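Undergrad: This is the structure I have questions about; it appears just below.
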Ligand SMILES: Nc1ncnc2c1ncn2[C@@H]1O[C@H](COP(=O)(O)OP(=O)(O)OP(=O)(O)O)[C@@H](O)[C@H]1O
Ligand SMILES: [Mg+2]
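Numbering (this note's numbering), first residue to last: 4 to 371.
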């Protein structure tokens, strides 16, 4: 019995999605990774025909039946499978025969390719982020050092000037030095560690919603699609507001700059949770997924790859720091921001672990 509990726990914690199908090709069991992958709950699909949830139209049911009769197992790479919500997913899967309560059955193991591609993209993003951060830190240090000297000297000079009209020039030096210093500080991102307290994500979104409605003079519609069951989580609320505000303000600016009138400008704020989700190298049991979706023109092509870098802007009056600051804050909360954009639909996704005890990447579980 103890063994049984152990193995069940083990399977429940696997990152691989496992589906068990009996000889009538009905679902007997699926682990949480398979529930997440097939986007169904186990309760709903156990006892139902498996092809309602996992339909590889390029493979006949006979092939699966032959495997149950132990006429060979098989593996398919880059298969396209239709899920119960009619979405298609690209995956690798292996089918092998087994016995369950002395009845023959099939074990289907799945590895999503979309997810693997996403993880490698995410790793690139995190390492690019770390490289730019290091570069910016080095540069900021070199710029800030002489600025102190320049400002001090301008102040001394100012005191020694007899002609008050010349003071205008020392004021310009001091103001410009201050402007540069603020810019460099902003580039460095938040200069304090997050002060975490129990935070309700919907309070954050509601605050941003009212700010953006005011800024846009209600010219942009903001739709809410919240999952009210999301628990509070440990985060720095003010920093979270800044993250969501930076992203939502960009969406608003993109919508307002677009003079097309064939669709009403709209932003959707959406919250969901995802189980068993990997961010970088760390697998988390429960992750918050906040999406900010707009129906504007999309990210300009020439900045797509460098979107999260500091000083990258597609707007004439932009400093290009909004997204880089947002990404640093979310990274400090062990999360990540991603973007998926095409004309008519731009989605920024913020992923944040809801369980802090799994946050440290050193003690996190490695995916591959
Ligand atoms: N939802 C969006 N739709 C279209 N383009 C976007 C969207 N979000 C961001 N962008 C593009 O990404 C660029 C970078 O955004 P970011 O917030 O980092 O800088 P910024 O808005 O230009 O300046 P700042 O936020 O510092 O004032 C924007 O200039 C814009 O071109
Ligand atoms: Mg911005």
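The beta-carbon is built from N, C-alpha and C at its ideal position, and this holds for glycine as well.
Bear in mind the structure is a predicted one, so any value in this text is a computation, not a measurement.
Relative to ligand 2, what is the chain-ordered list of residues with a Cβ closer than 5 angstroms to any of its non-hydrogen atoms?
TA: Going by the Cβ distance cut-off, the answer is 253, 325.
Undergrad: I need the boundaries of the alpha helix (DSSP H) containing residue 213, first residue and last residue.
TA: Within the chain shown, residue 213 is the residue found at index 210, counting from 1. Here the alpha helix (DSSP H) through residue 213 covers 204-218.
Undergrad: Buried or exposed: residue 51, going by 16 or more other Cβ atoms within 10 Å of its Cβ?
TA: Mapped onto the chain shown, residue 51 falls at position 48. Classification for residue 51: exposed.
Undergrad: Would DSSP call residue 352 helix, strand or coil?
TA: Stepping through the chain shown from its first residue, residue 352 is reached at position 349. The answer is strand: DSSP assigns residue 352 an E or B state.
Undergrad: What separation, rounded to the nearest whole angstrom, lies between the Cα atoms of residue 326 and residue 250?
TA: Along the chain shown, one-based indexing puts residue 326 at 323. Along the chain shown, one-based indexing puts residue 250 at 247. So the two alpha carbons sit approximately 7 angstroms from each other.
Undergrad: Between residue 31 and residue 77, how many whole angstroms is the CB-CB distance? I'm expecting something under 8 angstroms.
TA: Residue 31 sits at position 28 when you count from the first residue of the chain shown. Residue 77 sits at position 74 when you count from the first residue of the chain shown. With a Cβ gap of about 20 angstroms, residue 31 and residue 77 do not count as contacting.
Undergrad: Comparing C-alpha positions only, which one of 63, 62, 66, 43 sits nearest to residue 56?
TA: Here residue 56 refers to the residue found at position 53 of the chain shown. When each option's Cα is compared against that of residue 56, the closest is 43.
Undergrad: Suppose only complete runs of 4+ residues qualify. What are the alpha helix (DSSP H) ranges in the segment 157-189, listed by chain order?
TA: Entirely contained in the segment 157-189, not one alpha helix (DSSP H) run reaches 4 residues.
Undergrad: Which residue marks the beginning of the alpha helix (DSSP H) containing residue 241, and which one marks its end?
TA: Sequence index remark: in the chain shown, residue 241 carries index 238 (1-based). It spans 240-260 - the alpha helix (DSSP H) in which residue 241 sits, taken as one unbroken run.
Undergrad: Taking all protein chains shown into account, decide if residue 363 is buried (16 or more other Cβ within 10 angstroms of its Cβ) or exposed.
TA: Stepping through the chain shown from its first residue, residue 363 is reached at position 360. At residue 363 the pLDDT is 42, less than 50, meaning the model places this residue with poor confidence; the figure from the coordinates comes in the next sentence. Exposed: under 16 other Cβ atoms inside 10 Å.
Undergrad: Taking residue 288 as the reference, give the member of 27, 7, 39, 23 with the closest Cα.
TA: Taking the chain shown and counting its residues from 1, the one referred to as residue 288 is at position 285. The shortest Cα separation from residue 288 among 27, 7, 39, 23 belongs to 39.
Undergrad: Answer yes or no: does any C-beta atom of chain D fall closer than 7 angstroms to that of residue 110?
TA: Structure shown: chain D not included; a single protein chain is present.
Undergrad: Is it buried or exposed, residue 155, if we count other Cβ atoms within 10 angstroms and call 16 or more buried?
TA: Your numbering for residue 155 matches position 152 in the chain shown. Under this definition residue 155 is an exposed residue.
Undergrad: Alpha carbon to alpha carbon, what distance is there between residue 17 and residue 369?
TA: As a working mapping, residue 369 is identified with position 366 in the chain shown. As a working mapping, residue 17 is identified with position 14 in the chain shown. Only weak support is given to the placement of residue 369: the predicted model assigns it a pLDDT of 30, under 50, and the question is left unresolved by the model.
Undergrad: Sorted by chain position, which residues of the same chain lie with C-beta nearer than 8 angstroms to residue 216's C-beta, five sequence neighbours on each side aside?
TA: In the chain shown, counting from the first residue as 1, residue 216 sits at position 213. Excluding sequence neighbours, residue 216 sits near 223, 225.
Undergrad: Taking residue 239 as the reference, which of 179, 341, 196 has the closest Cα?
TA: Looking up residue 239 in the chain shown gives position 236. Measuring from the Cα of residue 239, the nearest candidate turns out to be 196.
Undergrad: Looking at residue 131 and ligand 1, is the gap between the Cβ and the nearest heavy atom below 6 angstroms?
TA: The sequence position of residue 131 within the chain shown is 128, counting from 1. The answer is no for residue 131.
Undergrad: Across the segment 96-116 and the segment 126-143, are there enough close Cβ pairs to call them in contact, namely three or more that are closer than 8 angstroms?
TA: Too few Cβ pairs lie closer than 8 angstroms, so no.
Undergrad: Whose CA, out of 188, 178, 93, 69, lies closest to the CA of residue 99?
TA: Within the chain shown, numbered from 1, the residue matching residue 99 stands at position 96. Residue 99 has its Cα closest to that of 69, out of 188, 178, 93, 69.
Undergrad: Could you tell me if residue 329 is buried or exposed, where buried requires 16 or more neighbouring beta carbons within 10 angstroms of its beta carbon?
TA: Taking the first residue of the chain shown as position 1, residue 329 is located at position 326. Counting Cβ neighbours within 10 Å, residue 329 comes out buried, since at least 16 surround it.
Undergrad: Would you check if the distance between the CB atom of residue 290 and the CB atom of residue 247 is smaller than 7 angstroms?
TA: Translated into the one-based positions of the chain shown, residue 290 becomes position 287. Translated into the one-based positions of the chain shown, residue 247 becomes position 244. Cβ distance not < 7 angstroms, so residue 290 and residue 247 don't count as in contact.
Undergrad: Residue 66 by DSSP, collapsed to three states: which one?
TA: In the chain shown, the residue the question calls residue 66 occupies position 63. The answer is helix: DSSP assigns residue 66 an H, G or I state.
Undergrad: If you pair each beta-carbon of the segment 338-346 with each one of the segment 159-168, do three or more pairs fall below 8 angstroms?
TA: No, because fewer than three Cβ pairs between the segment 338-346 and the segment 159-168 fall closer than 8 angstroms, the two stretches do not touch.
Undergrad: Which residue wins for smallest C-alpha separation from residue 124, given the options 284, 296, 318?
TA: Counting from 1 along the chain shown, the entry for residue 124 is found at position 121. For residue 124, the nearest C-alpha among the options comes from 284.
Undergrad: Excluding the five sequence neighbours on either side, which residues of its own chain have a C-beta within less than 6 angstroms of the C-beta of residue 184, listed in chain order?
TA: For this step, residue 184 is matched to residue 181 along the chain shown. 150, listed in sequence order.
Undergrad: Any idea if residue 334 is buried or exposed, counting beta-carbon neighbours within 10 angstroms, 16 or more meaning buried?
TA: Locating residue 334 in the chain shown gives position 331, counting from the first residue. That one is buried.
Undergrad: Once DSSP output is grouped into helix, strand and coil, what is the label at residue 360?
TA: Residue 360 sits at position 357 when you count from the first residue of the chain shown. Because the pLDDT of residue 360 is 48, which lies under 50, any placement of that residue in the model is unreliable, and the number read from its coordinates should be weighed accordingly. In the structure shown, residue 360 sits in a helix (DSSP, three-state: H, G or I).
Undergrad: So which of 138, 130, 33, 260 has the shortest CA-CA distance to residue 109?
TA: Walking along the chain shown from the start, residue 109 turns up at place 106. With distances taken between Cα atoms, residue 109 lies closest to 33.
Undergrad: To which residues of the same chain is residue 312 closer than 7 angstroms at the C-beta, ignoring the five residues directly before and after it?
TA: The residue given as residue 312 occupies position 309 in the chain shown. Excluding sequence neighbours, residue 312 sits near 135, 327.
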